[in-house]
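Notes follow the structure.
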Amino acid sequence: MEGFIAWPPELEERYTREGYWSDRLLGGVLRGAPDRVALVAGPERLTYAELDRRADRTAAGFRRLGVGRGDRVVVQLPNTASFVVVFLALVRIGAAPVLALPAHRESEIGYLCELSEARAYVVPDVDGGFDFRALARTLRVEHVVVDGDAQEFAALADLDADPADVPAGDGPDPADVGVFLLSGGTTGLPKLIPRTHRDYVYNLEASAEVCGFGEDTVYLVVLPAAHNFALACPGILGVFATGGTVVLAPSGSPDEAFPLIERERATVCAAVPPIALLWLDAVSWSDEDLSSLELLQVGGAKFAAERAAQVPKVLGCSVQQVFGMAEGLLNYTRLDDPADLVERTQGRPLSPADEVRVVDADGADVPDGEVGELLTRGPYTLRGYYRAPEHNARSFTPDGFYRTGDLVRRLPSGHLIVEGREKDQINRGGDKISAEELENHLLAHPAVHDAAVVGMPDPVMGERTCAFLILREAAGDGAAPPGLREVKEFLRERGVAAYKFPDRIETTGAFPRTPVGKINKKALAARLG
Ligand code: OOB
141 MEGFIAWPPE
151 LEERYTREGY
161 WSDRLLGGVL
171 RGAPDRVALV
181 AGPERLTYAE
191 LDRRADRTAA
201 GFRRLGVGRG
211 DRVVVQLPNT
221 ASFVVVFLAL
231 VRIGAAPVLA
241 LPAHRESEIG
251 YLCELSEARA
261 YVVPDVDGGF
271 DFRALARTLR
281 VEHVVVDGDA
291 QEFAALADLD
301 ADPADVPAGD
311 GPDPADVGVF
321 LLSGGTTGLP
331 KLIPRTHRDY
341 VYNLEASAEV
351 CGFGEDTVYL
361 VVLPAAHNFA
371 LACPGILGVF
381 ATGGTVVLAP
391 SGSPDEAFPL
401 IERERATVCA
411 AVPPIALLWL
421 DAVSWSDEDL
431 SSLELLQVGG
441 AKFAAERAAQ
451 VPKVLGCSVQ
461 QVFGMAEGLL
471 NYTRLDDPAD
481 LVERTQGRPL
491 SPADEVRVVD
501 ADGADVPDGE
511 VGELLTRGPY
521 TLRGYYRAPE
531 HNARSFTPDG
541 FYRTGDLVRR
551 LPSGHLIVEG
561 REKDQINRGG
571 DKISAEELEN
581 HLLAHPAVHD
591 AAVVGMPDPV
601 MGERTCAFLI
611 LREAAGDGAA
621 PPGLREVKEF
631 LRERGVAAYK
641 FPDRIETTGA
651 FPRTPVGKIN
661 KKALAARLG
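Heads up: take any position in the sequence shown, counting from 1, add 140, and you land on the numbering used here.
Following this line, the structure appears as structure tokens:
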């Protein structure tokens with residue numbers, strides 16, 4: 141696929157020879173017994189055989205539309221059975237789903253469709269009060285497929301064909317891009333992360349092993365299914381590969397998640413820290429029986445040691461810290477690690493073939509125990525973002541290490557402690573916000589002369605977003621300077637996802653500068669006190 145950067149041949153040979161890569165495909169992950177329940181979603185309960193058949197029929201439906209190997213399809217579905225069916229259908233025909241989040245709006249989706257040259261866009265009719273058909277009308281994609289009331293578009297339910305009636309087409313190769321994940325973003329625009337069948341299959345299978353997933357696993361999904369953590373770390377796909385059951389919840393709210401844990405006897409769940417904190421509080425006033433829970437995975441943002449220590453006491457289950465990234469590298473605390481490492485660290489790399497360096501500003505390795513930037517290379521870490529040559533020149537070392545932008549300390553055991561971040565990004569409870577992307581939107585406001593976005597510490601979210609604005613003189617002649625409400629409304633009209641809206645606005649006369657003239661964001665953040 142043009143724009144995809146593959147591993148160099150010698151590594152390709154090594155990862156295959158050493159058994160990290162196989163020829164298994166993402167479409168073949170359903171390995172549970174045919175009559176076992178694979179998926180519970182709302183009122184639906186699908187066995188492995190039923191899910192397999194629905195995926196095949198939907199795959200045939202997509203093929204009949206003319207979608208096939210090497211095509212891209214932007215998928216923006218909430219946690220419904222349709223998400224799983226559409227994902228499996230597309231990877232089976234070798235069309236790569238581009239996994240947008242339900243929160244994304246015109247700004248993000250328009251860009252993703254254009255960059256990926258998507259053949260199709262798959263959406264719910266209405267979700268969370270938002271009409272995705274209206275969003276679809278603003279786009280130029282050949283096929284819009286709607287789950288529910290399709291209006292003028294194609295209905296997902298009609299993408300149903302007997303596989304025997306549709307020519308089989310060209311199947312995917314394990315080295316093909318299987319799926320595109322979205323990067324959190326550090327620049328003006330989000331980036332697409334190509335994940336091949338063989339690297340992502342390794343990602344999910346190795347994760348399932350480290351996390352002890354098996355036929356008895358009942359995995360509750362509370363994060364968006366489109367997020368790497370919930371999808372493949374080990375996630376939904378890791379459960380399917382080991383024969384367990386996936387239960388989809390609409391959100392991590394205790395009102396929705398706790399009754400599902402009780403009813404389905406869920407054994408494991410992946411959460412971001414704000415959800416874990418909410419659960420720690422909510423057990424005291426909830427009546428549900430959570431005794432089936434064996435493991436709570438927490439990741440996406442730093443989870444404080446004191447809170448991690450509370451999980452076994454309050455929720456009665458083990459805790460696992462997960463420090464991962466859509467770009468690849470996953471770190472897990474191990475199930476048999478001593479409590480001290482589980483509480484204080486964010487885990488160690490999943491794979492023996494993960495190469496990790498911790499370097500100073502000059503790119504020199506620092507000794508264990510000292511803070512530096514994490515660089516990584518390995519059998520499931522990307523070698524380049526899709527169609528982003530300039531960005532790639534900055535994000536990778538010449539020998540192919542990905543610069544994570546995370547500041548970490550490595551212990552002699554290999555465990556990593558996340559100490560901070562170098563990248564210009566806000567991590568709002570696991571949701572990543574590119575400061576530059578938000579600044580560019582703010583600069584489009586007629587009253588804004590300059591904008592600088594910084595994170596501010598928050599006890600629940602870890603960070604919230606503050607936008608410092610320098611207003612135009614012209615704002616004086618009539619136009620009132622925008623307040624927080626106006627700024628949010630402005631961003632909503634521009635079609636920006638709501639999680640990127642600032643939580644606070646500060647106006648100022650000038651930005652502090654670094655000696656080289658860049659905005660000094662540390663000094664700005666310090667003003668927030
Ligand atoms: C996960 O993936 P992304 O792509 O949304 O975000 C990756 C970034 C990391 O580079 C790091 O800055 C931050 O999120 N992060 C953490 C963390 N886990 C992720 N920072 C501190 N402590 C942690 N435990 O967030 C992701 C992907 C797969 C599994 C889990 C999380």
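Backbone N, C-alpha and C define an ideal beta-carbon position, used for all residues, glycine too.
Along the chain, where does the beta strand (DSSP E) containing residue i start, and where does it finish?
i, result
"F463", "S458 to M465"
"I610", "G602 to L611"
"S574", "D571 to S574"
"D310", "No beta strand (DSSP E) contains D310, which DSSP labels as neither H nor E."
"R543", "Y542 to R550"
"I376", "That residue, I376, is in no beta strand (DSSP E); its alpha helix (DSSP H) goes G375 to T382."
"F320", "V317 to L322"
"L179", "V177 to A181"
"A236", "A236 to L239"
"L433", "That residue, L433, is in no beta strand (DSSP E); it is neither H nor E in DSSP."
"A663", "Careful: A663 lies outside any beta strand (DSSP E), inside the alpha helix (DSSP H) at K661 to A666."
"L332", "L332 to T336"
"H589", "V588 to D598"
"P264", "A260 to P264"
"N471", "G468 to Y472"
"L388", "T385 to L388"
"N567", "Q565 to R568"
"E513", "V511 to R517"
"V214", "R212 to V215"
What number of angstroms, rounded off, separates the C-alpha of residue i from the C-alpha of residue j?
i, j, result
"D508", "E495", "15 angstroms"
"C409", "V180", "14 angstroms"
"E577", "V459", "34 angstroms"
"E142", "Y526", "9 angstroms"
"R171", "L217", "24 angstroms"
"R653", "A665", "13 angstroms"
"L436", "P394", "14 angstroms"
"F353", "G378", "8 angstroms"
"L234", "A315", "First, the amino acid is wrong: residue 234 is Gly here, not Leu. Straight-line Cα distance between these residues: approximately 11 angstroms."
"Q291", "V412", "36 angstroms"
"L475", "L230", "34 angstroms"
"P621", "F641", "17 angstroms"
"A445", "V451", "10 angstroms"
"Y359", "E434", "10 angstroms"
Based on Cα-Cα distance, which residue from the options lies nearest to residue i?
i, options, result
"R209", "H244, L239, E184 and P312", "P312"
"V511", "H581, I557 and D477", "I557"
"G439", "Y520, L170, L417 and V387", "L417"
"L344", "E152, R568, R534 and L371", "L371"
"Q133", "S162, V177 and T327", "With the chain represented from 141 up to 669, any question about residue 133 goes unanswered, as that position is not in the structure."
"A528", "D571, K331 and T407", "K331"
"G384", "V361, D395 and E355", "E355"
"G545", "G560, A236, R604 and L551", "G560"
"N219", "P148, L363, R197 and V207", "L363"
"S424", "E446, L455, E396 and E434", "L455"
"A274", "Y155, G250, A504 and L296", "G250"
"D429", "V215, T198 and R403", "R403"
"A650", "R644, I659 and P642", "I659"
"A591", "P597, D598 and L583", "L583"
"G288", "L299, A663 and P478", "L299"
"V214", "R203, F227 and A221", "F227"
"I151", "H337, D539 and R568", "Note on residue identity: the sequence assigns Leu, not Ile, to residue 151. Nearest C-alpha to L151: D539."
"D598", "A348, P414 and E257", "P414"
"V627", "E613, R644 and F443", "R644"
Quick one: residues in its chain with C-beta nearer than 7 angstroms to the C-beta of residue i, no 5 flanking neighbours on either side, listed in chain order?
i, result
"L522", "I333, P334, E467, G468 and Y542"
"H283", "L205, R259, A260 and A294"
"T648", "F608 and I610"
"D267", "P218 and P242"
"R497", "D505, L515 and F541"
What residues in its chain sit with their C-beta under 8 angstroms from that of residue i, if we drop five residues either side in the sequence?
i, result
"G518", "G468, L469, P489, S491, A493, D494 and E495"
"R176", "T187, Y188, E355, G383 and T385"
At which residues does the alpha helix (DSSP H) containing residue i begin and terminate?
i, result
"C253", "E246 to S256"
"V207", "Counting along the chain, V207 falls outside any alpha helix (DSSP H), and DSSP gives it neither H nor E."
"T156", "P149 to R157"
"V284", "That residue, V284, is in no alpha helix (DSSP H); its beta strand (DSSP E) goes H283 to D287."
"E402", "P394 to E404"
"A276", "F272 to R277"
CB-CB under 6 angstroms to residue i, same chain, minus the five flanking residues each way: which ones, in chain order?
i, result
"F272", "V263 and P264"
"Y639", "A243 and D571"
"L191", "A178 and L179"
"H585", "F630"
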